[in-house]
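Peer 1:
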Amino acid sequence: MNRDEKRDRFAALAPAVVELEGRRAIFPREPAGGTWIAVNDAGVCLTLINWHRVQLKPKNDCVTRGLVVRELAGKCTAVEIATAMKMLPLRKLRPFRLIMIAPSQKRVIEWRWNLQRLAIRNHQWQRQHWFSSGFDERTAERIRAKVCASFVAGGDDPGRRNARAGVNADGYSLKWLRGLHCSHAPRRGPFSICMHRPDAATVSYTEISVSEKRATMRYKPGPVCAATATTTRTLPIRWS
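Structural data, given as C-alpha cells:
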C-alpha cells in the first residue's frame, strides 16, 4: 500500500508488534497513535483509505480516522469487525473505506462510511486495487486502474509463474508488486501510483505477506522511488 499525504504532515513511526485483546498485531503509527494498515497473528489484514469522493464532513468535532484500524486490529472475523465498528464514533469520522483481507477464509470485505450509512461489500477472492486521492479521486481511479491493468497484461504466464518460488497462488511476486507501487506511469505526477505533487506525495509503502506460518510487514518511508531503508516485522500465525 502506498500512503499519500501532505508534505507538512508529521512523519509516521515504523511498524511495531502490539498486544491487542489476546492477539498480536503489527502496524505503523502516526505520532497520535492512529494507523491506516495492520495485520494480526490470525493473518487478518486491515487497511483504511480516505473516501474523498464523498464531500461530507462531521457537523461537530472530528475524530481521526486513524483510530479505526487501531481499534479493529485485534479482530479475526468479519462479524467481530462489524460489531466493533458499531462502537466507533462514526458520526465524528470523515468518510472512509475499510478493507479486510482474510487469507485463511479467502475473504475480501469492504466497509464504506459516508457519514450517513455504513455499507458492506463482499468482493471476489481475486486481485483487487483500491485508490484514493484528495486531488481528483475519479481521475486518479481511472488512470491508476489502467496502469494496474497494463502491469497485469505485461506479466509472465500465470501457469508458468506458479512453479516458481516467491509468488502467490495467482503467480504475482513481491518484486512485481513493488514495481507496480513504484510506477510513475503514465507520467510522474498527481495521478501516478508513486505520487508526486508540490504540496503532497507518497510518504510510505507498506507491504503485507501472509503464509501458513507467519505474517510479515515491510515498511519503507518516503516515496517508493527513493532509496530509503525498509523495516521488517514478523509474527507467527496463531489460527485459534
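In the numbering used here, the protein residues as written are 383 to 622.
Beta carbons: idealized from backbone N, C-alpha and C, even for Gly.
Is it right to say D386 is buried, meaning 16 or more other beta carbons lie within 10 angstroms of its own, or is it exposed?
Peer 2: buried
Peer 1: Is the stretch 443-458 in contact with the stretch 553-570, if contact means three or more CB pairs nearer than 8 Å?
Peer 2: Below 8 Å, too few C-beta pairs join the stretch 443-458 and the stretch 553-570 to call them touching: fewer than three.
Peer 1: Given a threshold of 16 other Cβ atoms within 10 Å of its Cβ, counted over all protein chains shown, does K595 qualify as buried or as exposed?
Peer 2: By the neighbour-count rule (16 or more Cβ atoms within 10 Å), K595 is not buried but exposed.
Peer 1: Look up C427 in the DSSP assignment and give the residues it is bridged to.
Peer 2: V421 and I483
Peer 1: Could you check what DSSP says for V451 in three-state terms: helix, strand or coil?
Peer 2: Of the three classes helix, strand and coil, the one that applies to V451 here is helix, per DSSP.
Peer 1: Does the distance from the CB of L428 to the CB of A396 come in under 8 Å?
Peer 2: Annotated as distal: L428 and A396, with beta-carbon spacing of 8 Å or more.
Peer 1: Measure the C-alpha to C-alpha separation of P471 and A535 and round it to an integer number of angstroms.
Peer 2: 42 Å
Peer 1: Where does F392 land, buried or exposed, given buried means 16+ other C-beta within 10 angstroms?
Peer 2: exposed
Peer 1: Have a look at T598 and L562 and give me their C-alpha separation to the nearest angstrom.
Peer 2: Annotation: T598 to L562 spans about 19 Å, alpha carbon to alpha carbon.
Peer 1: Considering only C-alpha positions, which residue in the set L480, Q487 and W507 is nearest to R494?
Peer 2: R494 has its Cα closest to that of L480, out of L480, Q487 and W507.
Peer 1: Near C458, what residues of its chain come up, given a Cβ to Cβ distance below 6 Å and the 5 sequence neighbours on each side ignored?
Peer 2: A424 and V426
Peer 1: Work out the CA separation of E453 and T584 for me, nearest whole Å.
Peer 2: 25 Å
Peer 1: Would the stretch 597-616 and the stretch 408-415 be scored as touching if the rule is three or more Cβ pairs under 8 Å?
Peer 2: yes
Peer 1: Looking at P477: is its Cβ nearer than 8 Å to the Cβ of L497?
Peer 2: Yes, the Cβ-Cβ distance between P477 and L497 is below 8 Å.
Peer 1: So what does DSSP say about M577, is it helix, strand or coil?
Peer 2: coil
Peer 1: Check whether the Cβ atoms of W512 and R489 lie closer than 8 Å to each other.
Peer 2: no
Peer 1: My guess is that P440 and V592 are in contact by the Cβ rule of under 8 Å, so how many angstroms apart are they, rounded?
Peer 2: Contact flag wrong, Cβ pair sits at about 34 Å.
Peer 1: With a Cβ-Cβ cutoff of 8 Å, do L559 and E589 count as a contact?
Peer 2: yes
Peer 1: For the beta strand (DSSP E) that contains R406, what are its first and last residues?
Peer 2: R405 to R411
Peer 1: Could you tell me the alpha carbon to alpha carbon distance between R546 and K557, rounded to whole angstroms?
Peer 2: Because R546 carries a pLDDT of 45, less than 50, the predicted location of this residue cannot be relied on, and no value is offered for it.
Peer 1: I'd like the list of long-range same chain contacts for R405, defined as Cβ closer than 6 Å, with 5 residues on each side in sequence excluded.
Peer 2: N422, D423 and G456
Peer 1: What are the partner residues of N432, as DSSP defines its beta bridges?
Peer 2: F478
Peer 1: State yes or no: is the C-beta of N504 within less than 8 Å of the C-beta of I483?
Peer 2: no
Peer 1: Could you compute how far the alpha carbon of R570 sits from the alpha carbon of M577?
Peer 2: 7 Å
Peer 1: Check L562 in the structure and name its three-state DSSP category.
Peer 2: helix
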